[in-house]
Every structure is written in structure tokens, then in C-alpha cells.
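Numbering (my numbering), first residue to last: 663 to 1048.
For reference, the structure discussed in these notes is given below.
And the structure:
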């Protein structure tokens, strides 16, 4: 269940985390068989992504949560304050360890997960249970937590970088943000050397958009200066308002909800990106060891940024994520997709393993398999992952 165009990226990950790669391959194979053989039932998830908090201390221009059109800006204060407490997260983690022979990997994200008050306790609990763990962060608070993250044996930090220092600060909306992150990574590196460990590994994700695509090679250099092993450029996620409107009509009819979070990715115009220059910059980045995800062909890149209507040809175009990944939100709801808005159970009310193959979950998977994907999903990164 690894798309052919993702093989290079997968091999890099396997070299970095060989033990985890083997385990993930086994789990992914089992879930892949579930996709083809069973009517919506799935093997245990490869990953559980835990959204610890909606809160964030930055307002990055392109962010679907807190950016210029971000969906989180329209949540009520009550929703934004909602978070699982440390004890509730601990119960979840212990349950995952007991419920599955091969417990899923955990991804912590937000919002900004380092704003969550019990972050170190949560990390320690997950690692005590022997589960692979990464965290996606803007690194503004890293200098506060760097030593604790090393001591807690965190496996991987995924840092969101928008460009060289001046570009990064401009996009993040605050001067000095890059330097704050750099200071944190220096402390992290010093603590790793002191404890004679290579963990956590630092990797960088960078989203391509109008403000930074001309600085892609410089972004690779900046990432390396922070100690990043891998640098991955992600194509911008965006849709037009008309497509979201028609999609929400279907969601209301089928699931009684709307895809509120997709509203954060609506653009009123196409990105101002010269696709010829973009391809040149991406090829230069690849020659420096960076990867691009999804790994689209030149023709696909042209259509991707010059037309709201896009359909992948070099990938299957069929979403298999609901068989592989589950998302748990700050209110405890379990969701088969990060952005569609469909909620299936709550870990405050039922164990996760009971929810994972609940009849509503199976029904959702069957619907996804029948359709291949929903109308808003053409640029979603999960569509290209499995």
C-alpha cells in the first residue's frame, strides 16, 4: 500500500526508522487487505493522530486552521477551550497498548501541541508504552521543552518551515520566529549529544505557496542549518467555494454535518505561482536531497496550480486513509478524516477499539470505497499517502 511515486520517500523513512518501517509495512498490508476483502471493516490502524488543542500562538498566512481564511477562527470560545486532560489521554494510550498486538504509532499535533499543558507527561506515557511517537510543531516553544523532549525519548519532531529566516518570519506573522526555533534546535542538539542519543530526529515539512516558492532551494539550506535530516515540500491544499458548497450539500444529506474545516482551504483566486519556475525550483531542491509530496508529474503540477479542477493521474485517486489512520479531536471525538467533519463515537464514552469498527465507521469506509474520494479531496495529502 505504498504508491509507486512515493517509493523513494518511503525508502528514506525506512532507512531512518527501520524497526518502525517493518511494523508499519505489516500493519499497512493488513489494512490494505481489509480494504479489498471486507465490507468496511479494517485491521488495526497504523497511526492514531491526536489533536491535543486547537490553540496556536501563530497566524501563518496559508494555514487552514488559523490562516487568513482559517476555520478555527470561527469556532466559539467554548470549542477552542475544549481539550482532553492528561488522565484521559493516558487512559487512551494504555487502552491502545492493551487492545492491539501491534499498537499504532501516535502523532501529536494541533493547533500548536507544545501549548498543551501536559505535553511532557503525555509523551512520557506514550513512550512508556513502547509506541512510536512524533510531534508536529512550529518550534516557537522548543527552547522551553527541548531537554524534556530528549529525555522523554520522543522519536521525531516534524518542524513546519516556510522558507529562509526572513520569509519564514513574514509568513508566520512575527519577527524573530525563525531565531526562536533555531535556538530551540540548538538546545535539542546539545542535549542529544550529552545523552548520546540520535532521538528525536528532526525533519522539516514546508508548504508551497505564493510567498515562498521562489525560495525553495534556500528553504532546504535553512532546514539543514537547523539539523533536519529530511526536507519535504508539500503542495498547497486549496479548493474553490463552489465545490465546497456542493460537497456540503452531500455531507448534510449523508452524514448530517458539514465539512467546516475545509472552509479554511477555500481560495477566491488561484495561487500566483509560475509553474515553470516552480518545477525548476523543485528539481533543484530534489538535487539537494529534498522530496516533494505528493510527487506529481510536471503535467500534473501545471494543472494543479492553474485550474481549480484537478484530478491525479499518477496516483490511484482512491482514498484508503480511513483504513489506516484515525483522528481524535480535543473533545474526544473519533473521526475517520481530519477535515470532512464526520464524527464516529467519543473516547470519553467508549473505548477506541470499539469505535474503530463501529457500524457507522464501516458505513463510512464503504461509502469512500464506492466513491474513491469526495469532491473536495483532490488536493488532500492523505489521498496520496497509501
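Just so it is clear, CB atoms sit at the ideal spot from N, CA and C, and this is done for glycine as well.
Note that the structure is a prediction, hence the values are computed from the model and not measured.
Taking C-alpha atoms, which residue in the options lies nearest to residue i?
| i | options | result |
| --- | --- | --- |
| residue 899 | 828, 978, 872, 919 | 872 |
| residue 803 | 748, 954, 859, 718 | 718 |
| residue 919 | 925, 927, 910 | 910 |
| residue 759 | 821, 780, 785, 792 | 792 |
| residue 764 | 846, 676, 684 | 684 |
| residue 776 | 798, 789, 755, 787 | 798 |
| residue 810 | 854, 794, 835, 770 | 854 |
| residue 944 | 840, 879, 789 | 879 |
| residue 671 | 837, 997, 1008, 951 | 951 |
| residue 665 | 977, 795, 969 | 977 |
| residue 1015 | 1041, 954, 988, 686 | 988 |
| residue 1010 | 728, 682, 757 | 757 |
| residue 915 | 750, 701, 667, 1004 | 1004 |
| residue 973 | 958, 687, 986, 984 | 958 |
| residue 903 | 917, 886, 924 | 924 |
| residue 966 | 828, 1008, 753, 901 | 901 |
| residue 696 | 762, 1038, 982 | 982 |
| residue 870 | 941, 931, 806 | 941 |
| residue 930 | 687, 730, 1012 | 730 |
| residue 841 | 887, 681, 1002, 676 | 887 |
| residue 701 | 1019, 1041, 1038 | 1019 |
| residue 766 | 949, 682, 1031 | 682 |
| residue 968 | 727, 948, 937, 728 | 937 |
| residue 908 | 780, 1037, 946, 948 | 1037 |
| residue 1040 | 1001, 939, 1012 | 1001 |
| residue 961 | 736, 975, 771 | 975 |
Looking at residue i: is its Cβ nearer than 7 Å to the Cβ of residue j?
| i | j | result |
| --- | --- | --- |
| residue 812 | residue 768 | no |
| residue 826 | residue 868 | no |
| residue 862 | residue 818 | yes |
| residue 705 | residue 721 | no |
| residue 1029 | residue 1045 | no |
| residue 882 | residue 906 | no |
| residue 864 | residue 890 | yes |
| residue 996 | residue 963 | no |
| residue 926 | residue 773 | no |
| residue 998 | residue 1026 | yes |
| residue 820 | residue 796 | yes |
| residue 874 | residue 824 | yes |
| residue 742 | residue 785 | no |
| residue 744 | residue 993 | yes |
| residue 790 | residue 846 | no |
| residue 894 | residue 955 | yes |
| residue 833 | residue 877 | no |
If you run the structure through DSSP and keep just helix, strand and coil, what is residue i?
| i | result |
| --- | --- |
| residue 997 | strand |
| residue 748 | helix |
| residue 857 | coil |
| residue 719 | coil |
| residue 874 | coil |
| residue 819 | strand |
| residue 758 | helix |
| residue 890 | coil |
| residue 705 | coil |
| residue 881 | helix |
| residue 763 | coil |
| residue 713 | strand |
List the whole-angstrom C-beta distance separating residue i from residue j, where the pair is believed to meet the contact cut-off of C-beta under 8 Å.
| i | j | result |
| --- | --- | --- |
| residue 850 | residue 814 | Actually they do not touch by this definition, with Cβ atoms about 12 Å apart. |
| residue 1043 | residue 896 | 6 Å |
| residue 715 | residue 778 | 5 Å |
| residue 953 | residue 674 | 7 Å |
| residue 1024 | residue 703 | 6 Å |
| residue 1006 | residue 713 | Going by Cβ atoms, the distance from residue 1006 to residue 713 rounds to 15 Å, so no, they are not a contact pair. |
| residue 986 | residue 708 | 5 Å |
| residue 752 | residue 794 | About 18 Å separates the two Cβ atoms, so there is no contact after all. |
| residue 748 | residue 783 | 5 Å |
| residue 1048 | residue 667 | Not confirmed; about 12 Å, so no contact. |
Start-end ranges of the beta strand (DSSP E) lying completely within the segment 769 to 806, minimum 3 residues | 795 to 799
Hey, which unbroken runs of the beta strand (DSSP E) at 3 residues or more fall wholly within the segment 894 to 982?
-> Secondary structure within the segment 894 to 982: the beta strand (DSSP E) runs of 3 or more consecutive residues, fully enclosed, are 953 to 955 (chain order).
May I have a chain-ordered list of the alpha helix (DSSP H) segments no shorter than 4 residues that lie completely inside the segment 986 to 1047?
-> 1014 to 1018, 1021 to 1033
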